[in-house]
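Peer 1:
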Amino acid sequence: MTTLALTINGRAHGPSEVRDDLTMNDFLREHLGMTGTKFGCGAAQCLSCAVIVDNPDGTSYAGPTCVVSAASFNGKAIRTVEGHAKNGELSALQKAFIEHFAFQCGYCTAGFLNEAQVLLERLARTPVARPELEKIIAEALDGHICRCTGYIKYHEAVRDVILADPRRYLV
Amino acid sequence: MKSETRFQILVPAAALAMSMLTGYAASQAASNTLASPESFVAIADTETRSAAIFTELGKVLTSPRCVNCHPAGDRPHQGDESRLHQPPVDRGVDGHGTQTMRCSICHQNTNFEPGRVPGHPEWHLAPREMAWEGKTLAEICAQIKDPDRNGGRKAEDLVHHIGTDTLVGWAWAPGFGRAPAPGTQKEAGALVDAWVKTGAACPTK
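Those protein sequence lines, which keep their order, are chains A and B.
In terms of my numbering, the first sequence has 4 at position 4, counting the first letter as 1, and numbering is strictly consecutive.
Here my numbering = 1-based position in the second sequence + 1000.
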């Protein structure tokens, strides 16, 4: 057993005792009931299970939860799909996903959403030139698999959010 | 067929099959062990002995545990079959993955068996110039002696790198479903030491 204390969507959880072999995905879904984070391939290949991990230096990344231990998240701060909407209002990305009909079954959506949010925050810190944008978005979303093939729509939705605030995300 | 005739055929056939199986088992066992430097003392010529020691060390260097992360391209391999890494990943500029897909996102500090993911705090690819994939032992030997292609190491540094580096040491404790490198890390280090002290000669092929 290992002690686990972490912050999820700004709220402290634990400390609690968890099994050493417990995956982070099971911790979120089975222990905390946060089922917005999906379990897909179980091999870190589809990233439907990805959550945002916030680094102490203010940067962040989207990483899988299915192949990593819950214990490895001790002391970390993460964000899940449940944390995007504020005061009952969907985030700009969530609205864009809906407007573009980016998802059908929705199984991959949480992973795409978290990855896109990480991209927005990265661009806010380090804006890019407009000609680079398509490549930047494609690279960011590259690891995520959508069995309903919504790739283009996800891409267009993310692009729309960025272009809606060019002074923030573009140079 | 008379029972006597049948006996005369079946017994030698069974004996042959047994000897083949025994031979197979012996060769499997041999491939998982390393001979000690002392076992090469019978080779009188120092250069020949040095090359023979390196050939023995080659069992480790060419094992999937080493070659998978010394790939010829930008993508690592995985498993005892050395299949291409899934999910698709790229070495990135520093060998630790791309900006959005760092090795450490999945590869934690230790192996995580429920996810079948190997781990080490410094998990990363060897630099491109240190690629061993697809090379002969002679080519690897020449490469490993060349500071431009061995991470700037002197031959003596290789004793420490192979003999005590903990990321290299992972090769002998790779976790479920992966065959460990032959022998032990200490034995491999002893072979490197003996190889260096005998002039670091390379095999011809």
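Each residue gets a CB set at the ideal place from its N, CA and C atoms; glycine is no exception.
Beta-carbon within less than 6 Å of residue 111 (chain A)'s beta-carbon, same chain only, minus the 5 sequence neighbours each way: which residues are those?
Peer 2: Stepping through the first sequence from its first residue, residue 111 (chain A) is reached at position 111. Only 47, 48, 50, 144 meet the Cβ criterion.
Peer 1: How is the beta strand (DSSP E) around residue 60 (chain A) delimited, first residue to last?
Peer 2: Locating residue 60 (chain A) in the first sequence gives position 60, where the first residue counts as 1. Note, residue 60 (chain A): beta strand (DSSP E), 60-63.
Peer 1: Return the residue from the list B:1125, B:1054, B:1137 that minimises the CA-CA distance to residue 1168 (chain B).
Peer 2: Along the second sequence, read from residue 1 onward, the residue named residue 1168 (chain B) stands at position 168. If we check each option's Cα against that of residue 1168 (chain B), B:1125 comes out closest.
Peer 1: First and last residue of the beta strand (DSSP E) that includes residue 52 (chain A)?
Peer 2: Residue mapping note: residue 52 (chain A) aligns to position 52 of the first sequence, counting from 1. Note, residue 52 (chain A): beta strand (DSSP E), 51-54.
Peer 1: With a cut-off of 9 Å, does the C-beta of residue 1021 (chain B) fall near any C-beta of chain A?
Peer 2: In the second sequence, the residue the question calls residue 1021 (chain B) occupies position 21. For residue 1021 (chain B), the predicted structure reports a pLDDT of 39, less than 50, and the residue's modelled location is therefore unreliable. A value from the coordinates is still provided. Taking Cβ atoms only, chain A never reaches closer than 9 Å to residue 1021 (chain B), which makes this a no.
Peer 1: Could you please give me the residues that DSSP links to residue 86 (chain A) through a beta bridge?
Peer 2: The residue you call residue 86 (chain A) lines up with position 86 of the first sequence. Answer by DSSP bridge pairing, in chain order: A:89.
Peer 1: Less than 8 Å between the CB atoms is what I'm expecting for residue 1107 (chain B) and residue 1117 (chain B), so what's the real figure, rounded?
Peer 2: Here residue 1107 (chain B) is taken as the residue at index 107 of the second sequence, counted from 1. Here residue 1117 (chain B) is taken as the residue at index 117 of the second sequence, counted from 1. Indeed they touch by this definition, with Cβ atoms about 6 Å apart.
Peer 1: With 9 Å set as the bound, which would you pick, yes or no: does the beta-carbon of residue 1174 (chain B) sit closer than that to a beta-carbon of chain A?
Peer 2: As a first step, residue 1174 (chain B) is located in the second sequence; it is residue number 174 there, counting from the start. Closer than 9 Å: no.
Peer 1: Apart from the five residues on each side of it in sequence, which residues of its chain come closer than 7 Å, Cβ to Cβ, to residue 109 (chain A)?
Peer 2: As a first step, residue 109 (chain A) must be located in the first sequence, where it is residue number 109. Cβ neighbours of residue 109 (chain A) beyond the five flanking positions: 97, 103.
Peer 1: What span of residues does the alpha helix (DSSP H) with residue 116 (chain A) cover, start to end?
Peer 2: To locate residue 116 (chain A), count along the first sequence from 1; it is residue 116. Start and end: 109-125.
Peer 1: Determine the DSSP secondary structure at residue 1083 (chain B), reduced to helix, strand or coil.
Peer 2: If you number the second sequence from 1, residue 1083 (chain B) lands on position 83. Three-state DSSP puts residue 1083 (chain B) in a strand.
Peer 1: Cβ closer than 8 Å: which chain A residues qualify as neighbours of residue 1117 (chain B)?
Peer 2: By 1-based counting over the second sequence, the position of residue 1117 (chain B) is 117. Those within 8 Å of residue 1117 (chain B) in chain A are 44, 67, 68.
Peer 1: Counting only beta-carbon separations shorter than 9 Å, does residue 21 (chain A) have a partner in chain B?
Peer 2: Looking up residue 21 (chain A) in the first sequence gives position 21. Yes, residue 21 (chain A) counts as interfacial toward chain B.
Peer 1: Taking Cβ-Cβ distances shorter than 9 Å, what residues in chain A pair up with residue 1102 (chain B)?
Peer 2: Along the second sequence, read from residue 1 onward, the residue named residue 1102 (chain B) stands at position 102. Residues of chain A passing the Cβ test: 61, 63.
Peer 1: At least one CB of chain C closer than 9 Å to the CB of residue 1066 (chain B): is that the case?
Peer 2: Chain labels in this structure do not include chain C; the protein chains are A and B.
Peer 1: Which residues in the same chain as residue 64 (chain A) place their Cβ atom closer than 7 Å to its Cβ, once the five residues preceding and following it in sequence are excluded?
Peer 2: Residue mapping note: residue 64 (chain A) aligns to position 64 of the first sequence, counting from 1. Excluding positions up to five away in sequence, the list reads 44, 47, 49, 50.
Peer 1: Looking at C-beta atoms only, is the number of pairs between the stretch 1030-1037 of chain B and the stretch 1051-1061 of chain B that lie closer than 8 Å three or more?
Peer 2: yes
Peer 1: Quick one: does residue 1098 (chain B) have its CB under 9 Å from some CB of chain A?
Peer 2: Stepping through the second sequence from its first residue, residue 1098 (chain B) is reached at position 98. Yes - at least one Cβ of chain A is within 9 Å of the one on residue 1098 (chain B).
Peer 1: Going along chain A in order, which residues have a C-beta closer than 9 Å to the C-beta of residue 1122 (chain B)?
Peer 2: Residue numbering aside, residue 1122 (chain B) sits at position 122 when the second sequence is read from its first letter. Result: empty, since nearest Cβ-Cβ is about 16 Å, beyond 9 Å.
Peer 1: Residue 77 (chain A) and residue 6 (chain A): beta carbons closer than 9 Å?
Peer 2: Locating residue 77 (chain A) in the first sequence gives position 77, where the first residue counts as 1. Locating residue 6 (chain A) in the first sequence gives position 6, where the first residue counts as 1. Going by C-beta atoms, residue 77 (chain A) is nearer than 9 Å to residue 6 (chain A).
Peer 1: What's the gap between the Cα of residue 1149 (chain B) and the Cα of residue 1130 (chain B)?
Peer 2: In the second sequence, residue 1149 (chain B) corresponds to position 149, counting from 1. In the second sequence, residue 1130 (chain B) corresponds to position 130, counting from 1. One C-alpha to the other measures close to 5 Å.
Peer 1: Apart from the five residues on each side of it in sequence, which residues of its chain come closer than 6 Å, Cβ to Cβ, to residue 1194 (chain B)?
Peer 2: If you number the second sequence from 1, residue 1194 (chain B) lands on position 194. Counting only Cβ-Cβ distances below 6 Å, and skipping sequence neighbours, we find 1037, 1053.
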